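**Student:** Chains as they are written, first to last, in the numbering used here: chain A, 1 to 221; chain B, 1 to 221.
All C-beta atoms, glycine included, are put in the ideal place defined by N, C-alpha and C.
From a predicted model like this one, the values you see are computed outputs, not experimental measurements.
Number of protein chains: 2
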Amino acid sequence: MGLSSNEMDKLDTVISSRRRVKRGASLFTNGEKFTSLYAVRSGFFKTCVTTADGRDQVTGFQMTGEIIGMDGIVNDHHSCDAVALEDAEVCVLPFDMLEQLSREFSTLQHHVHKIMSREIVRDHGVMLLLGSMRAEERLAAFLLNLVQRLHARGFSQSELILRMTREEIGSYLGMKLETVSRTFSKFMDEGIIDVKQRYVHIKDTSGLERIVNPPSAECGR
Amino acid sequence: MGLSSNEMDKLDTVISSRRRVKRGASLFTNGEKFTSLYAVRSGFFKTCVTTADGRDQVTGFQMTGEIIGMDGIVNDHHSCDAVALEDAEVCVLPFDMLEQLSREFSTLQHHVHKIMSREIVRDHGVMLLLGSMRAEERLAAFLLNLVQRLHARGFSQSELILRMTREEIGSYLGMKLETVSRTFSKFMDEGIIDVKQRYVHIKDTSGLERIVNPPSAECGR
DNA sequence: CGTAGTTTTGAGAGGCGTCAAGGAGCGTGG
DNA sequence: CCACGCTCCTTGACGCCTCTCAAAACTACG
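1) Relative to the C-alpha of A:E66, which candidate in A:D87, A:D81, A:C91 has its C-alpha closest?
2) Compute the beta-carbon to beta-carbon distance between B:R103 and A:Q109, rounded to the nearest angstrom, for a pair I have assumed lies under 8 Å.
3) Name the chain A residues that come within less than 7 Å of B:L11, Cβ to Cβ?
4) Could you check whether B:G170 and B:G191 sit closer than 9 Å to each other, using their CB atoms as the reference points?
5) Given a threshold of 16 other Cβ atoms within 10 Å of its Cβ, counted over all protein chains shown, does B:I193 qualify as buried or as exposed?
6) Under the three-state reduction of DSSP, which class applies to B:H110: helix, strand or coil?
7) For a cutoff of 9 Å on Cβ pairs, would you count B:S117 as touching chain A?
8) Going along the chain, which residues of its own chain have a beta-carbon closer than 7 Å to the beta-carbon of B:L162, five neighbours each way excluded?
9) To the nearest angstrom, how far is the alpha carbon of A:L129 from that of B:V58?
10) For A:E218 and B:D81, what's the separation of their Cα atoms in angstroms?
11) Give a yes or no on whether the minimum CB-CB distance between B:H151 and chain A is below 9 Å.
12) Pull up the distance between the alpha-carbon of B:F187 and that of B:K203, whole angstroms please.
13) Between B:R182, B:S158, B:D71, which lies nearest to A:G125 when the distance is taken from Cα to Cα?
14) In the DSSP assignment, what are the bridge partners of B:K46?
15) Taking only beta-carbon atoms, is A:K114 less than 9 Å away from chain B?
16) What does the alpha-carbon distance come out to for the pair A:I120 and B:I73?
17) Pull up the distance between the alpha-carbon of A:T47 and that of A:R55, whole angstroms please.
18) Give the interface partners of A:R103 over in chain B, defined as CB-CB distance under 7 Å, in chain order.
19) Whole angstroms are fine: how far does the CA of B:R19 sit from the CA of B:S79?
20) Looking only at DSSP bridge pairs, what is B:V90 linked to?
21) Since A:K196 is in the beta strand (DSSP E), which residue starts that stretch and which ends it?
22) Give me, in chain order, the residues of the same chain whose beta-carbon lies closer than 8 Å to that of B:S185; leave out the 5 immediate sequence neighbours on both sides.
23) Taking 9 Å as the threshold (beta carbon to beta carbon), is B:C80 in contact with chain A?
24) To the nearest angstrom, how far is it from the Cα of A:V14 to the Cα of A:V112?
25) What would DSSP say about B:R221, mapped onto helix, strand or coil?
26) Just to confirm, are B:G154 and B:L85 a CB contact at a threshold of 9 Å?
27) Can you tell me whether B:T183 sits near the ligand SAH, meaning its C-beta is under 8 Å from at least one heavy atom of the ligand?
28) Residues in the same chain with beta-carbon distance under 6 Å from A:E159, minus the five sequence neighbours each way, listed in chain order, please.
29) Quick one, which residues of the region 169–193 of chain A are near chain B if we go by CB-CB under 8 Å, in chain order?
30) List the residues of chain B that A:L128 touches, going by C-beta distances under 7 Å, in chain order.
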């Protein structure tokens, strides 16, 4: 990311600490004091917010290389839970050290800003998904996003293992677990994917893309 | 916000430039080169993202004192449109200057981080709203949020003028304009609010709060 | 090998979208 | 000052998508 070796050395002092999180355990929880950002080294996380009356919403799934915890900066306390969906390890990035180093190295500073901006843009995409797509479109968009991120990490473009349950997928996509299951089955009937529990094989990527972006709407202009 | 007068002087050099935006005009649009953040001085904005097939989603409404444009940092180009809903004026904050000053003043640096974190937390709240609330709950939460922000700016706790159309409210809340209108009418029938076009009078704040947080769900524990 | 958690599938209900028509407010121009 | 047209809002009827409730099958794990 364009840092000199001197800068890299300094950066290493920030990320010296690591932490393991067992499957099902929390990296941090809502209300907890904010101290650090976390970079996922291995494993898979979900983040979720909860209302007073017990409803909760998965706000994201994070995999290797992604950063968790930026929700905590504004109020010095975390406003969501981060839960490991499989045994995981994270780099602990003490935020005060990160700010200090950011003042020394503009490259790092800009990188931090980009990471937060990326999260904002991602959130806006989810809002678009939740606000204006139907169940099939949401699930298709979700699968495409997941496989694309996995592919960027060297995994297959067409096969994946879901780390989350149907209920968690549903919570993220604003639908009930039964609807998630039914929609998976529908995609299978149409020959677009194979699903067997957590295993998914995408047989027709462009089929999924057509579902997300119905071509019909574009003909009109 | 805890800056010394020396710091304030420096900061003034950043916010020297202002810009007027007429009602209906764009502050920036999707794809436009990113250069600056904008602080709303007066007026009212919406931000919205658009899909390839023409659907769009309002991602937020911004009023005096709020910051727009953080979506542009990550890719050096804006990923949404910012449109003035009434004649408005903004302070232009050139982002490279902001980063430079942030390296000098840790107070400012932390402030910038907080602003971005606040946006992330807000977005998560909207995801919760879109993903797990029903139409009535969404609209009630929307009204409470709006009146609370207006009250913080010295306006009434119970009366407000909507700066946006039913369609824009609907786009933000993930529902159709007819549903927005119907839900307003329902709240009126129940005596919770008075609505006349863009004018809204909240007669029973706790009534709205009960709709957002149904007490029934909390009895169980 | 039993038990708990997860997933699938069905049937029925209801909330919200769609389509359509009418009405209110407001700026423009005669 | 009033008429006109435009945009926005309201309301009704109908249908569909998704939720709810329920039961059974499958998997994982102790």
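**Tutor:** The short version:
1) Numbered from its first residue, the first sequence carries residue 66 of chain A at position 66. Among A:D87, A:D81, A:C91, the Cα nearest to that of A:E66 is on A:C91.
2) Along the second sequence, read from residue 1 onward, the residue named residue 103 of chain B stands at position 103. Along the first sequence, read from residue 1 onward, the residue named residue 109 of chain A stands at position 109. So it is a contact: roughly 6 Å between Cβ atoms.
3) Counting from 1 along the second sequence, the entry for residue 11 of chain B is found at position 11. What B:L11 touches in chain A: nothing, since even the nearest Cβ is about 16 Å away.
4) On the second sequence, position 191 is the one that residue 191 of chain B refers to. On the second sequence, position 170 is the one that residue 170 of chain B refers to. No, the Cβ-Cβ distance between B:G191 and B:G170 is not below 9 Å.
5) Numbered from 1 along the second sequence, position 193 holds the residue referred to as residue 193 of chain B. It counts as buried.
6) What you label residue 110 of chain B is simply residue 110 of the second sequence in a count that begins at 1. Three-state result, B:H110: helix.
7) Looking up residue 117 of chain B in the second sequence gives position 117. By this cut-off, B:S117 is an interface position.
8) Start at 1 with the first residue of the second sequence, and residue 162 of chain B comes out as number 162. Contacts found: R198, V200.
9) Looking up residue 129 of chain A in the first sequence gives position 129. Looking up residue 58 of chain B in the second sequence gives position 58. If I take the Cα positions, the gap works out to 12 Å.
10) Taking the first sequence and counting its residues from 1, the one referred to as residue 218 of chain A is at position 218. Taking the second sequence and counting its residues from 1, the one referred to as residue 81 of chain B is at position 81. Its pLDDT being 45, under 50, A:E218 is placed unreliably by the model, and the measurement read from it follows with that caveat. Those two C-alpha atoms are separated by around 20 Å.
11) Taking the second sequence and counting its residues from 1, one reaches residue 151 of chain B at position 151. Not one chain A Cβ lies under 9 Å of B:H151.
12) As a working mapping, residue 187 of chain B is identified with position 187 in the second sequence. As a working mapping, residue 203 of chain B is identified with position 203 in the second sequence. Cα to Cα, B:F187 sits roughly 10 Å from B:K203.
13) Position 125 of the first sequence holds residue 125 of chain A. Comparing C-alpha distances from A:G125 to each of B:R182, B:S158, B:D71 shows the shortest one belongs to B:D71.
14) Numbered from 1 along the second sequence, position 46 holds the residue referred to as residue 46 of chain B. Its beta-bridge partners are B:F61, B:V83.
15) Position 114 of the first sequence, counted from the first residue, corresponds to residue 114 of chain A. True, the Cβ-Cβ gap to chain B drops below 9 Å.
16) Here residue 120 of chain A refers to the residue found at position 120 when the first sequence is read from its first residue. Here residue 73 of chain B refers to the residue found at position 73 when the second sequence is read from its first residue. Taking the straight line joining both Cα atoms gives about 10 Å.
17) Taking the first residue of the first sequence as 1, we reach residue 47 of chain A at position 47. Taking the first residue of the first sequence as 1, we reach residue 55 of chain A at position 55. Straight-line Cα distance between these residues: approximately 14 Å.
18) Locating residue 103 of chain A in the first sequence gives position 103, where the first residue counts as 1. Within chain B, the residues near A:R103 are R103, S106, Q109.
19) Numbered from its first residue, the second sequence carries residue 79 of chain B at position 79. Numbered from its first residue, the second sequence carries residue 19 of chain B at position 19. Distance between the alpha carbons of B:S79 and B:R19: 21 Å.
20) Within the second sequence, the letter at position 90 stands for residue 90 of chain B. According to DSSP, B:V90 bridges with B:R19, B:V40.
21) Here the question's residue 196 of chain A lines up with position 196 in the first sequence. Per DSSP, the continuous beta strand (DSSP E) segment holding A:K196 begins and ends at 193–196.
22) Within the second sequence, the letter at position 185 stands for residue 185 of chain B. Counting only Cβ-Cβ distances below 8 Å, and skipping sequence neighbours, we find V195.
23) Working through the second sequence from its first residue, we reach residue 80 of chain B at position 80. With 9 Å as the cut-off, B:C80 counts as an interface residue toward chain A.
24) For this step, residue 14 of chain A is matched to residue 14 along the first sequence. For this step, residue 112 of chain A is matched to residue 112 along the first sequence. Rounded to whole angstroms, A:V14 to A:V112 spans 14 Å at the Cα level.
25) Against the second sequence, residue 221 of chain B aligns to sequence position 221. Low confidence applies here, because B:R221 scores a pLDDT of 36, under 50, leaving its location unreliable and the question unanswered by this model.
26) By one-based count along the second sequence, residue 154 of chain B stands at place 154. By one-based count along the second sequence, residue 85 of chain B stands at place 85. Annotated as distal: B:G154 and B:L85, with beta-carbon spacing of 9 Å or more.
27) Absence of the ligand SAH is noted for the structure shown, with no ligands found whatsoever.
28) Within the first sequence, numbered from 1, the residue matching residue 159 of chain A stands at position 159. The residues are H201.
29) S171, Y172, L173, G174
30) Residue numbering aside, residue 128 of chain A sits at position 128 when the first sequence is read from its first letter. Those are V49, T51, Q57, listed as they occur along chain B.
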